[in-house]
Every structure is written in structure tokens, then in C-alpha cells.
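Input: a single structure, listed below in C-alpha cells.
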Amino acid sequence: MAKPHASRADRIGLRAAMADRLLPFMVAAMSFLAALALAGSIAAGALASHWLSGAQGLMTVEVPTPSQPVTANGPLRQDAVLTLLQATKGLSDAHLLSGAELATLLKPWLGAAAADGTLPIALPAVIVVKADARAPDAAVLGPKLASVAPGTIVDSGARWADRLAALTTSLRASAAAVLVIVALVAASVVAVAVRAGLSQRREAIEIIHGLGALDSDIANQFALRAMRLAATGGLLGGVVALPVLAWLALLSSSFVASAPAERLDLVTALPPLLWGAPVMFTLATALIGWLAAQITVRGWLKRLA
Amino acid sequence: MIRFTHVGLTYHRAGAAGGDAVALDDIDFDIPDGGFRWLTGPSGAGKTSLLKLMYLAARPSSGRIDLLDTDTLRLDRRGTALLRRRIGVVYQDFRLLRHLSAYDNVALPLRLARRKEVQVRADVTELLRWVGLAGRLDHRPEELSGGEQQRVAIARAVIARPSLLLADEPTGNLDDDQAERLMHLIRSLNRMGTTIIVATHNMGLVARHPAPVLELVDGRLVRHG
Ligand SMILES: Nc1ncnc2c1ncn2[C@@H]1O[C@H](COP(=O)(O)OP(=O)(O)OP(=O)(O)O)[C@@H](O)[C@H]1O
Ligand SMILES: [Mg+2]
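Residue numbers (the UniProt record's numbering), protein chains in the order written: chain A, 1 to 305; chain B, 1 to 225.
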């Protein structure tokens, strides 16, 4: 025989049924968008946890009228609080800010008066203490300290942390929504291409159906091709996204790291999860292509007969 | 066994002038396994419609059809497809796949049945040689004459040794010689146990190969025997 006959993979002659060259590029664009969304969500998470770890590590304690004794002849309030903090599990490095340190902190708000000690109000003492996981909650610690020095306030940055966490959560939710939408758009792109292929081959499919082809015989032919085209697009989008992701990672690393050498390390700047982007997107788009084609073909066949 | 029990077929033509068309009315007959029947009648009498019901391309509007010991009304999609594989059909308009060669067209039923390629090659080559198309294996339908296309269609219908062979005007484009060759093929399949129904206008052919006749006029069965 001079010419080769239909290959094994194309036993029922539908190989050319979906010659959509545009499909991989559309899927590639979708994958690219998905990669950006994913990167955004990961970066937001990384930054948030970095900031949170910084914020959560420190507690600020304000002691009003610090120079009054706790009891007559007792220690000063600020010293009593300091002692208590030092004795508390999970707290370390309690440091009473000096007058100069306080003045520097307050200068932006109170001006020069803060520096020369001519303020008409009595300043509270400010103690900064490092807290780890075993440290008591600010809500527990506050009243305990207030019992020796009335009016003492403990600020753990928890409120700020809550807001940051809420922001991160909503960023993640938006990214997830973008991923879902992008996946649905990719599935629709596949469905449209498959549908076009089906109507183009309508006569052939009717004939093959008449010869006893199962729905799965026909659906598999289309799904196989759709899977390949979509996976090609996924790989393409994932690869193209890599440099952009690396650049984004570099940008965000400047928030996190301070040493320039660390900043320039592109390879470590990109989270490992994103290095897997091309593989991940190839697999995900393959699955989307396969499923969308199966559903489209089977629905179409049911309406046919 | 093929059994039609009070079968009617009405084509619904939504919005068309003239409305619904009754193609078959109260058709009732049996054909035993391994039987042979001619199906005759004037043009428009309902021959193709009757065959369509048998190759499961249409469902009866009324009545019941049993094919190869199966109640066709109870079949699901998969069951329908699997039953179709046991029925060979030569369509009046051939229905070859335009983008496939004669070889690949004939190979289709074997490939759907997941037969091994070596076996497909042997069977298809032999059958196409037998119908006189040994030199046309690589031709696509548009590169074949009407009679050659008809022979490809016949080869595709019989390649998988169906239990039931339905042929709609299979000799319409054949000369007398080829028509006789085809009848020889059909008879030998029949002798091996295939039930066969051949619709034809060719009364000379019917006279040369005497067998019971199902005769339709205006959608009604006027003769069986
Ligand atoms: N799809 C259809 N929709 C509506 N009417 C149809 C359809 N197919 C056939 N008919 C009508 O049903 C009747 C029977 O048609 P059928 O094709 O079964 O006749 P036939 O005996 O095969 O004719 P021929 O010898 O010309 O092939 C005809 O009146 C035809 O017009
Ligand atoms: Mg007809």
C-alpha cells in the first residue's frame, strides 16, 4: 500500500476534526492570567506573614504616672510593671524607653516641646517587650499589669494583625475567583472549538454513530485532541509567565529582605510553588480540555439522536 | 428473529406545509433467523423508512420491534450502539466518509470493534479484492465511480459478518455482472446464517433469485411471502 492508513490513534477517522490553531494561544493567555493571580495571592500571603511575624513579636506597654510608688515606700509603678513583665513566661528583653527615645518617637506629633521636656502633660512610661508564642494575650496581661499600675495599657498589635489577615484573606479570595473564572473561560474556549469541530464533521459523526460507535468512542477522539491543544497552551502560558513571576517576586522581595545580595537572587526569590507553574498549568489545562470536550461532545450527541 | 408488531412511523414535520407524514402504518411481520427477504414497492412506499427502523436510525411512532432477540424500545444508548454493530447496512446514498480512503471506510466497523490491525488489514484487503477494488484501496470516495462507491459501501456493511444485513437498493449503480456478483456474496453470507433484507426496484433480479417478498404500497404491507 502506497499511502499510510489511519493510525491506531485515529481508528474512527476524526483526527482532523478539530484543527483549531487558535485554541492553544487562548488557553496560554488564560494560563498567564491564572499565573499572575496565583503569584499575587502567594506574594500577598508571604508579605502579610512577614509583617505579621514582625508585628506579633513585639508588645508595647504604656504605664501612666510611672513615677508614683505602687504603695507607700513600694517600688515605682514602672519598675513594678517591668519586674512583672520580666517574670512572665513568653516575654523577654523588656526595655523601658528612655526620655530621649520617647522624645524621638513623639517629635513628629508634638514638635520640639517633646524634646526639651517642657510638655505640660505627664508622659506615660513606654515599655517594649518581645513576645513569643507562649506569651499571654494582651487582654489577659493588661488587667494583671493594671492591678499594680492602674491605667496600664498593653498593645500587642492584634487589631492591626486582624486587619492584615482580613486583607490577605480577601486578596486570596479574589485570586481564587480569578482562577475559577479563568478556568471557566478556558473551558468555554475549548467547548466552542469542539462544537465547531463537531458541526464541521456532523455527517461523518452521524455515519460513525450509525456503524455502532459508542458516545465514548467519539467523545474520546475529541477529548484527546482538545487535551493536547489545551495542554500545549497551558505549558506555553506557564513558561511565558515565569519571567514575569520572577520579576514580581524580585519586587516583593525588596519589602521582605534588606540585604541587596539577597534581593538579587532571582532563583530563591521565586517561591518553589511558582517554579512548578508550567507543569501545574499543563496538567490543569489538560484536565480542563479533556473534561470540557467530553461534556460538549456527549451533550451534542444526545441531541443528535 | 425479527418481529414487527403493529408498527407505525409518522414523520413530524414541524411548521412544514402538509404537516405530519405517515410513512408506515400497522406493519406486522416475522422473519426467522437466517431468512432472506426482498423488500419491494413503488418509490415513496416506505422501504427506506422500514429499513431505518431496523437499523435503529428511527424509533417507531407506535408498535414494537424486536431485532436479534432484543426489544428495541428498551435499549439504552450503549445497547443501541452495540446492537447497531451487529447490523450491516448498505445505505441508498452509500454514506461513505469523504475524508477516508476506500480501505479505511471498509475498516471502520472492525476498528470500532477494536479488532487487531493485522487482522483488519487481511480482511479488508481480501474483501475489497473480492468486490473488484484491489486497485482502489487508497482512493477516497470522490475518486471512485458510483458503482465503485456502492461496492465500498457493500464491503463496509459485510466486513464484520453482521447477524443482520440490510441493503437499500444495493444494485442501483451496478451493471448486471456486478449485480450478480453481489447477489452471490449476499447468498453466501445468508448461507452462513446472516438474516438479509434487500430493498430493490429491480424486478429482474428478484425473478432470478426467488425468495419471499415484503411488498409495501403507501406505507402498508400488502404482501408477505
Ligand atoms: N425524513 C422525512 N421526513 C418527512 N417525510 C419523510 C422523510 N423520509 C421519508 N419521508 C416520506 O415518507 C415516505 C416514504 O419514504 P421512503 O424513503 O421510506 O420511501 P422508499 O420506499 O424508500 O422510496 P424510494 O424507492 O424512492 O427510495 C415518502 O412519502 C417520503 O416523502
Ligand atoms: Mg428508499
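Beta carbons: idealized from backbone N, C-alpha and C, even for Gly.
- For A/Ile121, there is no enclosing alpha helix (DSSP H), as DSSP marks it with neither H nor E.
- Against chain A, the beta carbon of B/Val89 has neighbours under 9 Å at Gly210, Leu211, listed in chain order.
- For B/Ala45, the shortest separation between its Cβ and any heavy atom of ligand 1 lies below 7 Å.
- In chain order, Arg77, Arg78, Ala81, Leu82, Leu112 make up the part of chain B whose C-beta sits under 9 Å from the C-beta of A/Leu214.
- Beta-bridge analysis with DSSP links B/Phe29 to B/Phe4.
- Residue-level contact check: A/Asp20 does not touch chain B, since none of the beta carbons of chain B fall below 8 Å from its beta carbon.
- Short note on B/Gln92: C-beta closer than 7 Å to some heavy atom of ligand 2.
- Contact annotation, B/Leu96 with B/Ala153: C-beta distance approximately 6 Å; criterion of less than 8 Å satisfied.
- The way I'd put it, the region 165-179 of chain B doesn't touch the region 122-130 of chain B; fewer than three beta-carbon pairs between them come closer than 8 Å.
- Going by DSSP, B/Phe36 is part of the beta strand (DSSP E) stretching over 36-40.
- Annotation: B/Lys52 is outside any beta strand (DSSP E); the continuous alpha helix (DSSP H) that includes it extends over 47-54.
- Distance from B/Leu166 to B/Ile87 at the Cβ level is roughly 7 Å; contact confirmed, criterion being Cβ atoms closer than 8 Å.
- Ranked by Cα distance from B/Arg37, the first of B/Val222, B/Ala107, B/Val206 is B/Val206.
- Under a criterion of Cβ atoms nearer than 8 Å, the residues of chain A adjacent to B/Tyr55 are, in order, Gly210.
- Positions of the beta strand (DSSP E) runs, each at least 3 residues long and wholly inside the region 194-220 of chain B, are given as 195-199, 213-217 in order along the chain.
- Not flagged as an interface residue toward chain A: B/Pro210, since no C-beta distance is shorter than 8 Å.
- Take the alpha-carbon of B/Ala155 and the one of B/Asp104: they are about 11 Å apart.
- The beta carbon of B/Arg151 does not come within 8 Å of any beta carbon belonging to chain A, so the residue lies off that interface.
- Using a cutoff of 7 Å, the CB of B/Ala21 counts as near ligand 1, since one of the ligand's heavy atoms is closer than that.
- In the displayed model, A/Thr65 falls within coil according to three-state DSSP, outside both helix and strand.
- The secondary-structure analysis by DSSP pairs A/Leu85 with nothing; it has no beta-bridge partner.
- Between B/Leu133 and B/Glu148 a beta carbon distance of about 6 Å is seen, short of the 8 Å cut, so the two are scored as contacting.
- In the three-state scheme derived from DSSP, where H, G and I count as helix and E and B as strand, A/Arg195 is classed as helix.
- The criterion of a C-beta distance shorter than 8 Å is satisfied by B/Leu108 and A/Ile208.
- Per DSSP, A/Ala138 is one residue of the alpha helix (DSSP H) stretching across 138-148.
- Comparing alpha carbon positions, the residue from A/Ala103, A/Asn73, A/Ala94, A/Ala231 closest to A/Ser31 is A/Ala231.
- Residue contact with chain A for B/Arg140: absent (no Cβ-Cβ distance below 8 Å to any residue of chain A).
- At the C-beta level, A/Val189 and A/Met59 stay beyond 8 Å of one another.
- In summary, B/Glu169 is buried, with 16 or more beta-carbon neighbours lying within 10 Å of its beta-carbon over all protein chains present.
- Of all C-beta pairs linking the region 42-51 of chain A to the region 77-96 of chain A, fewer than three are shorter than 8 Å, placing the two stretches out of contact.
- A/Met59 is bridged by DSSP to A/Val129.
- Residues of chain B with a Cβ closer than 7 Å to the Cβ of A/Asp217 are, in chain order, Leu112.
- With contact defined as three or more Cβ pairs closer than 8 Å, the region 240-253 of chain A and the region 287-304 of chain A are not in contact.
- Using a Cβ-Cβ cut-off of 7 Å, B/Arg85 is close to Gly212 of chain A, given in chain order.
- Counting the other CB atoms within 10 Å of its CB gives A/Gly276 a total below 16, which places it among the exposed residues.
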